[in-house]
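Here the sequence shown is numbered in our numbering, starting from 82 and rising by one per residue. Just so you know, even glycine gets a beta-carbon here, dropped at the ideal spot from N, CA and C. Scroll down for the structure; my scribbles are underneath it.
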Amino acid sequence: MRTKICTLPYGSGEISFQFPENITRYDGIYPPETQEAPWMAEDVLNLLRKNTVSILSTSQVAIAINDKTRPMHYDVLLLPLLHYLEELRVPQERITLYISTGTHVPMPAHEYVDFIPAEVVARYSIVCHDCDKHDQLVQLGATKHGTPVLVNRRFHEAEIKITLGTIEPHHFMGFSGGAKTAGIGLAGRSTIEANHHLLLQPHTVSGEYERNPMRQDLEEIGDMIGITACLNAVMNYKKEIVKVFWDTPRKVMQQGIPESQRVTQVHIPPMYDLVIASAGGFPKDINLYQAQKALTHACMICKEGGTIVLIAECREGYGNQQYADFMQGKNSFQQVLDEFGRVPFQIGPHKAYLIARQGLHHTIYLKSNISDEDVRTLLLTPIHSIEEVFSELDLSGMRIAVLPYATTTVPYSVRKENSTE
């Protein structure tokens with residue numbers, strides 16, 4: 082029997098709720114605990130020194146980093162990398178950082194210090210990518226899947242191209258990391274949309290790598306860009322770095338995926354009637370566009386017709402205006418799916434498609450900072466407390482699960498290989 086008071090991550094803080102008296106048990110499902118000490122900057126610097134990549138002092142070095150929506154320990158990863166380049170006598174004026182925004186809204190310069198160490202912002206040139214600035218892109222051809230490859234021109238022209246990132250489960254790409262920071266983060270909109278259109282094919286699910294057509298298309302994009310090396314971390318649910326890899330994109334993924342699986346995958350018994358899932362707090366729940374990844378994992382353990390409560394602050398609202406626009410006037414998830422299938426594929430509406438796939442099979446409540454009216458526009462049910470859900474349901478006999486870190490909790494025993502949920 083567990084305590085009836087639960088506290089879950091919500092934004093930069095927490096949210097608590099209490100189960101009714103008639104609930105004597107629920108299953109709290111966490112990612113696996115890790116025992117090793119977290120990696121520190123000195124550990125990363127030693128790794129860089131041992132695994133030498135050929136970098137000349139005259140090289141023009143381009144470093145792709147994630148934007149504010151993805152948690153990264155740049156003090157542990159970026160600072161040692163810059164120190165390493167300094168040891169190789171690469172002048173700082175020959176080093177440029179590229180913020181990989183993908184289709185996200187480009188960030189204003191004053192926000193850089195919110196997630197990049199201040200000394201880096203002060204000393205180095207930083208470029209925020211814009212996927213719609215066609216004059217800043219270069220065309221490299223097309224992949225075997227027909228994806229046109231357009232990438233940031235200046236990044237591609239650098240002799241040394243490095244990406245920083247994390248290897249973790251991705252709800253349809255299989256895993257993040259490797260070439261993704263540049264292959265998607267620094268690509269043109271047409272590249273991203275063509276790649277993401279592959280989510281309609283089988284095996285585009287969380288935790289699938291080799292058979293995932295979207296991920297393998299991305300690997301080909303990375304090859305065409307000519308990424309020199311990736312510095313990638315695997316983090317546990319506490320956001321501690323448990324392992325770092327420094328190698329070519331494909332080798333980093335081969336080495337990092339087993340480690341990511343070790344710290345995220347959990348064996349789940351048969352399905353639950355009610356799943357209460359937190360995205361894991363900021364920045365995982367910065368907006369609904371990001372928090373939907375938690376919904377994917379919650380759906381994987383929820384019965385057909387079951388109920389999911391998604392807990393995500395969403396301080397930046399929807400996270401994508403095209404998603405919001407697409408949902409205007411929709412009356413059912415089936416209508417969303419039908420219209421999505423009739424129009425050309427676009428980033429943003431694809432999020433509506435994913436949530437509609439999930440909403441067809443489950444009742445979804447959302448506890449967030451988004452207004453009730455806007456939540457209803459998305460065809461979700463707004464709540465102001467989790468207890469509201471308890472008052473609407475007959476909880477007697479229900480199997481209940483609580484996922485405090487749903488984005489990084491992968492229930493591998495029930496994964497649906499041919500689902501895009």
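ask   = Leaving out five residues before and five after D298 in sequence, what residues of the same chain have Cβ atoms less than 7 Å from its Cβ?
value = Position 217 of the sequence shown, counted from the start, is the residue given in the question as residue 298. Cβ neighbours of D298 beyond the five flanking positions: T224, H226, T228, N276, L279.
message = So the candidates are P112, I308, S135; which of them puts its Cα closest to the Cα of A360?
response = The residue labelled residue 360 in the question sits at position 279 within the sequence shown. Of P112, I308, S135, the residue nearest in Cα terms is P112.
task = Please state whether DSSP places G264 in a helix, a strand or coil.
result = Mapped onto the sequence shown, residue 264 falls at position 183. If DSSP states are grouped into helix, strand and coil, G264 belongs with the helices.
key: Rounded separation between Q336 and T115 - CA only   = For this step, residue 336 is matched to residue 255 along the sequence shown. For this step, residue 115 is matched to residue 34 along the sequence shown. Q336 and T115: Cα-Cα distance of roughly 18 Å.
query = If Q402 sits next to I428, beta carbons under 8 Å apart, how far is it from one beta carbon to the other, in whole angstroms?
reply = Working through the sequence shown from its first residue, we reach residue 402 at position 321. Working through the sequence shown from its first residue, we reach residue 428 at position 347. The pair is not a contact, with the Cβ atoms about 11 Å apart (cut-off 8 Å).
query = Run through DSSP, which three-state label would Q335 get?
reply = The residue you call residue 335 lines up with position 254 of the sequence shown. Helix at Q335.
Member of Y318, A433, V325 whose CA lies at the smallest distance from the CA of A310 = As a working mapping, residue 310 is identified with position 229 in the sequence shown. If we check each option's Cα against that of A310, V325 comes out closest.
key: A482 to L391 span [Cα, whole Å]   = Walking along the sequence shown from the start, residue 482 turns up at place 401. Walking along the sequence shown from the start, residue 391 turns up at place 310. Roughly 12 Å between the two C-alpha positions.
task = Write down every uninterrupted run of the beta strand (DSSP E) in the segment 106-159 whose length is 3 residues or greater and which is fully enclosed by it, in chain order.
result = 142-147
inquiry  = To the nearest angstrom, how far is the alpha carbon of Q346 from that of M121?
reply    = Your numbering for residue 346 matches position 265 in the sequence shown. Your numbering for residue 121 matches position 40 in the sequence shown. Each residue's alpha carbon lies about 24 Å from the other.
request  = Assign M316 to one of three DSSP states: helix, strand, or coil.
outcome  = Translated into positions along the sequence shown, residue 316 becomes position 235. Strand, per DSSP.
task = Count the CB pairs spanning the segment 167-187 and the segment 355-369 that are closer than 8 Å, and state whether there are at least three.
result = no
Among R151, V194, E123, the one whose alpha carbon lies nearest that of L163 = For the purposes of this step, residue 163 is taken as residue 82 along the sequence shown, with counting starting at 1. Nearest of R151, V194, E123 to L163, Cα basis: E123.
message = Within the continuous alpha helix (DSSP H) that includes P430, where are the two ends?
response = As a working mapping, residue 430 is identified with position 349 in the sequence shown. First-last of the alpha helix (DSSP H) with P430: 430-440.
ask   = Does the segment 307-322 touch the segment 147-159, meaning 3 or more C-beta pairs lie closer than 8 Å?
value = yes
key: Span of the alpha helix (DSSP H), counted from its first residue to its last, around Y370   = Position 289 of the sequence shown, counted from the start, is the residue given in the question as residue 370. Here the alpha helix (DSSP H) through Y370 covers 369-380.
query = Rounded to a whole number of angstroms, what is the C-alpha to C-alpha distance between V456 and Q373?
reply = Counting from one through the sequence shown, the residue named residue 456 turns up at place 375. Counting from one through the sequence shown, the residue named residue 373 turns up at place 292. Cα to Cα, V456 sits roughly 13 Å from Q373.
task = Go through its chain and collect everything with a Cβ distance to M82's Cβ below 7 Å, but skip five positions before and after it.
result = As a position in the sequence shown, residue 82 is number 1, starting the count at 1. Bear in mind that the predicted position of M82 carries a pLDDT of just 42, short of 50, making it too unreliable to give a figure here.
request  = Output the distance between the C-alpha atoms of P101 and G303, rounded to the nearest integer angstrom.
outcome  = Locating residue 101 in the sequence shown gives position 20, where the first residue counts as 1. Locating residue 303 in the sequence shown gives position 222, where the first residue counts as 1. Taking the straight line joining both Cα atoms gives about 52 Å.
ask   = For K497, is the classification buried or exposed, using 16 other Cβ atoms within 10 angstroms of its Cβ as the cut-off for buried?
value = The residue you call residue 497 lines up with position 416 of the sequence shown. The pLDDT assigned to K497 is 42, lower than 50, so where the model puts this residue is not dependable; a value taken from the coordinates is nonetheless given after this. With fewer than 16 Cβ atoms within 10 Å of its Cβ, K497 is classed as exposed.
ask   = What's the gap between the Cα of Y353 and the Cα of I451?
value = Here residue 353 corresponds to residue number 272 of the sequence shown, with the count starting at 1. Here residue 451 corresponds to residue number 370 of the sequence shown, with the count starting at 1. Approximately 27 Å between the Cα atoms of the pair.
ask   = Helix or strand or just coil, what does DSSP make of L279?
value = Position 198 of the sequence shown, counted from the start, is the residue given in the question as residue 279. Three-state result, L279: helix.
task = Identify, in the order they occur along the chain, each residue of the same chain with its Cβ nearer than 7 Å to the Cβ of I207, setting aside the five sequence neighbours on each side.
result = Walking along the sequence shown from the start, residue 207 turns up at place 126. Counting only Cβ-Cβ distances below 7 Å, and skipping sequence neighbours, we find L178, I180, Y193.
query = What is the DSSP secondary structure of I481, reduced to helix, strand or coil?
reply = By 1-based counting over the sequence shown, the position of residue 481 is 400. Three-state result, I481: strand.
inquiry  = Would S138 and I241 qualify as a contact pair, given that the criterion is a beta-carbon distance under 7 Å?
reply    = Position 57 of the sequence shown holds residue 138. Position 160 of the sequence shown holds residue 241. Not in contact: S138 and I241 (Cβ atoms no closer than 7 Å).
Other residues of its chain near Y493: CB distance less than 6 Å, five sequence neighbours each side excluded = Position 412 of the sequence shown, counted from the start, is the residue given in the question as residue 493. Cβ within range, chain order: Q346.
request  = Kindly identify the DSSP beta-bridge partner or partners of E95.
outcome  = Your numbering for residue 95 matches position 14 in the sequence shown. DSSP lists P90 as partners of E95.
message = Am I right that P330 and A239 are in contact with their C-beta atoms under 8 Å? What's the rounded C-beta distance?
response = Position 249 of the sequence shown holds residue 330. Position 158 of the sequence shown holds residue 239. Their Cβ separation, rounded to whole angstroms, is 16 Å, which puts P330 and A239 out of contact at 8 Å.
ask   = Taking C-beta to C-beta, are I68 and T247 nearer than 7 Å?
value = No answer is possible for residue 68: the residues shown for the chain start at 82 and end at 502.
message = Do L459 and M408 have their beta-carbon atoms positioned less than 7 Å apart in this structure?
response = Here residue 408 refers to the residue found at position 327 of the sequence shown. Here residue 459 refers to the residue found at position 378 of the sequence shown. A contact, by the Cβ cut-off of 7 Å.
ask   = Bridge partners of Q220, per DSSP?
value = Along the sequence shown, one-based indexing puts residue 220 at 139. DSSP lists L231 as partners of Q220.
Straight-line gap, D108 to P350 (C-alpha atoms, nearest Å) = Stepping through the sequence shown from its first residue, residue 108 is reached at position 27. Stepping through the sequence shown from its first residue, residue 350 is reached at position 269. Their backbone Cα atoms lie some 10 Å apart in a straight line.
task = Might you give, ordered along the chain, the residues of its own chain that have their beta carbon closer than 6 Å to the beta carbon of D406, omitting 5 neighbours on each side?
result = Position 325 of the sequence shown, counted from the start, is the residue given in the question as residue 406. If we look at D406 and ignore the five residues flanking it on each side, it has no Cβ neighbours.
message = So, at 8 Å on beta carbons, what are the nonlocal neighbours of L376 in its own chain, with the 5 sequence-adjacent residues on each side left out?
response = Counting from one through the sequence shown, the residue named residue 376 turns up at place 295. Answer for L376: A358, I389, L391, I436, Q439, I445, A487, listed in chain order.
key: Cβ distance (whole Å) where L447 is taken to contact I464 below 8 Å   = For the purposes of this step, residue 447 is taken as the residue at position 366 of the sequence shown. For the purposes of this step, residue 464 is taken as the residue at position 383 of the sequence shown. For a cut-off of 8 Å, the C-beta gap from L447 to I464 is around 7 Å, short enough to register as a contact.
key: Integer Cβ distance of T262 from A118, believed to fall under 8 Å   = Taking the first residue of the sequence shown as position 1, residue 262 is located at position 181. Taking the first residue of the sequence shown as position 1, residue 118 is located at position 37. So it is not a contact: roughly 26 Å between Cβ atoms.
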